[in-house]
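Position in the sequence shown (from 1) plus 321 gives the number in this note's numbering.
Beneath this line is the structure, given in structure tokens, with notes to follow.
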Amino acid sequence: MTDIIKTMRNLATEMSKLIELADESEGHAYSVRQLIAQRERLFEILSVIGRECDNIDGISLKRIIDCIPITSSQFYQDIFCLLINRGKNRGFFVEFGACDGKFISNTFILEKYFNWRGILAEPAMHWRNTVKNNRSCKVDTRCVWSISGEKVQFAEYERDEHLAESSILAEDKENHTPKNIYEVETISLNDLLRVHKAPKVIDFISIDVEGAEVSILDSFDFSKHNFKFATIETKFHRSDIIDLMSNKGYRPIFEHVSGHDTMFVPYKPS
């Protein structure tokens with residue numbers, strides 16, 4: 322318990338640093354909003370830890386807290402996942418798009434520090450070699466879509482030297498200018514899970530496909546797999562995705578801190 326209190330104090334220090342950075346960033350409204358939002362996520366994590374501390378063993382709880390300063394997950398999705406799964410060791414994840422499998426990854430911490438296994442899907446040529454080098458789980462280079470075996474135009478967009486984005490060209494909602502366009506083969510979520518022998522109960526699924534989320538989920542057979550926790554980018558179709566997931570038995574949680582994602586858990590835990 323002493324170790325947990327110490328790491329909680331470290332987390333409080335991280336919050337203080339964010340507040341100080343926000344104060345120093347006057348005049349940069351976007352930066353201030355982002356820092357305040359991140360601080361709110363940390364407060365929410367503390368709140369969940371307080372509620373779940375009796376349900377998570379002390380060693381696992383300390384390991385979760387220790388991962389908070391080192392995660393590169395954009396909205397702490399991996400930390401929320403670990404709390405929802407009560408510090409589970411050797412869980413199973415699915416993530417697409419995975420980019421390089423490390424930077425802004427929602428599953429890197431799970432694999433590296435909690436021995437989870439799973440499936441990554443990343444069709445972008447820019448990331449193919451890097452993601453395979455960074456991760457030890459299964460990596461599928463096909464594009465997850467509503468139908469398997471199709472050929473779609475895939476586009477890469479370079480944002481800066483550290484981060485590139487990609488999407489199915491027809492699903493690009495922001496009219497970016499592509500750096501590179503090429504054909505990729507598609508695979509449905511149903512087939513991705515079948516081919517890679519995913520278990521019926523999947524502890525975490527992370528979906529970020531820049532606008533194709535609705536078509537992928539609409540064609541998915543929810544009777545074959547259950548998700549304990551899901552995070553889905555809802556920047557483009559938030560209400561449609563929430564309605565779809567609600568009809569399939571999932572409710573949104575942590576909505577005030579989930580950024581442009583929405584996090585879901587089952588109405589009835591599996």
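A virtual CB, placed ideally from N, CA and C, is assigned to each residue, including glycine.
Specify, as a first and last residue, the run of the alpha helix (DSSP H) that residue i falls within.
i      : result
Met446 : It is not in any alpha helix (DSSP H) - Met446 carries neither H nor E in the DSSP assignment.
Glu534 : 534-539
Asn568 : 559-568
Cys464 : Looking at the DSSP string, Cys464 is not in any alpha helix (DSSP H); the run it does join, the beta strand (DSSP E), is 464-466.
Ile405 : 398-405
Once DSSP output is grouped into helix, strand and coil, what is the label at residue i?
i      : result
Asp524 : coil
Lys459 : strand
Ser487 : Caution applies to Ser487, whose pLDDT of 48 falls short of 50 and renders its modelled position unreliable; the model cannot decide the point.
Arg354 : helix
Lys434 : The amino acid occupying residue 434 in the given sequence is Tyr; Lys does not appear at that position. Here Tyr434 sits in helix by DSSP.
Ile477 : Strictly speaking, residue 477 in this sequence is Glu, with Ile absent from that position. Residue state, collapsed to three classes: strand.
Ile370 : helix
Asp310 : There is simply no residue 310 to check, as the chain begins at 322 and stops at 591 in what is shown.
Asn376 : coil
Asn577 : Contrary to the premise, residue 577 reads as His rather than Asn in this sequence. Looking at His577 - three-state DSSP - the assignment turns out to be helix.
Asn427 : coil
Lys409 : coil
Gln395 : coil
Pro590 : coil
For residue i, count neighbouring C-beta atoms within 10 Å of its own C-beta (all shown protein chains included) and say buried if the count is 16 or more, exposed if not.
i      : result
Phe364 : exposed
Gly379 : exposed
Glu416 : buried
Asn454 : exposed
Ala491 : Residue placement at Ala491 cannot be trusted, given a pLDDT of 49 that sits under 50; what the coordinates show is reported in the next sentence. Looking at its Cβ environment, which holds fewer than 16 other Cβ atoms inside 10 Å, Ala491 is exposed.
Arg407 : exposed
His581 : exposed
Tyr571 : buried
What residue does the beta strand (DSSP E) around residue i start on, and which one ends it?
i      : result
Cys420 : Run containing Cys420: none; DSSP gives neither H nor E here.
Ile380 : Taken as a continuous stretch (DSSP letters only), Ile380 belongs to no beta strand (DSSP E), being part of the alpha helix (DSSP H) at 379-388.
Ser571 : As written in the sequence, residue 571 is Tyr, which differs from the Ser given in the question. 571-574 is the span of the beta strand (DSSP E), which, as asked, contains Tyr571.
Asp582 : 582-587
Ile508 : 501-509
How big is the Cα-Cα spacing for residue i and residue j?
i      : j      : result
Cys388 : Ala419 : 20 angstroms
Asn450 : Thr462 : 10 angstroms
Gln355 : Pro390 : 17 angstroms
Thr392 : Lys423 : 9 angstroms
Asp561 : Ile574 : 16 angstroms
Ala476 : Leu367 : 39 angstroms
Val452 : Gly439 : 14 angstroms
Lys494 : Val530 : Here the model assigns Lys494 a pLDDT of 49, short of 50, so the residue's position is not dependable and the matter cannot be decided.
Asn547 : Thr498 : 38 angstroms
Asp421 : Trp448 : 5 angstroms
Asp542 : Ser567 : 15 angstroms
Leu514 : Ser394 : 23 angstroms
Phe396 : Leu431 : 15 angstroms
Asp481 : Phe429 : Residue confidence for Asp481 is low, a pLDDT of 49 falling below 50, so the modelled location carries little weight; the figure read from the coordinates is stated next. Spanning the two alpha carbons is a distance of roughly 22 angstroms.
Gly371 : Lys409 : 17 angstroms
Ser426 : Asn436 : 15 angstroms
Cys374 : Leu382 : 7 angstroms
Ala485 : Glu576 : Confidence is the limiting factor: at Ala485 the pLDDT is only 49, short of 50, which leaves the residue's position unreliable and the question unanswerable from this model.
Val473 : Pro587 : 32 angstroms
Ser467 : Leu403 : 29 angstroms
Arg411 : Asn501 : 37 angstroms
Leu538 : Val522 : 17 angstroms
Met446 : Ile563 : 31 angstroms
Asn376 : Lys569 : 27 angstroms
Ile405 : Leu510 : 23 angstroms
Ser487 : Lys589 : Note on Ser487: pLDDT 48, under 50, position unreliable in the model; the coordinate value appears next. Roughly 35 angstroms between the two C-alpha positions.
Phe525 : Val505 : 26 angstroms
By DSSP's criteria, residue i is part of a beta bridge. Which residues make up the other side?
i      : result
Gly547 : The sequence shown places Asn at residue 547, rather than the Gly named in the question. DSSP lists Val522 as partners of Asn547.
Lys472 : Glu506
Gly439 : Phe414
Ile553 : Ile528, Thr583
For the ligand GTP, is there a heavy atom less than 7 angstroms away from the beta-carbon of residue i?
i      : result
Leu404 : Absence of the ligand GTP is noted for the structure shown, with no ligands found whatsoever.
At a Cβ threshold of 8 angstroms, is residue i touching chain C?
i      : result
Ala551 : Protein chains in the displayed structure number just one, and chain C is not present.
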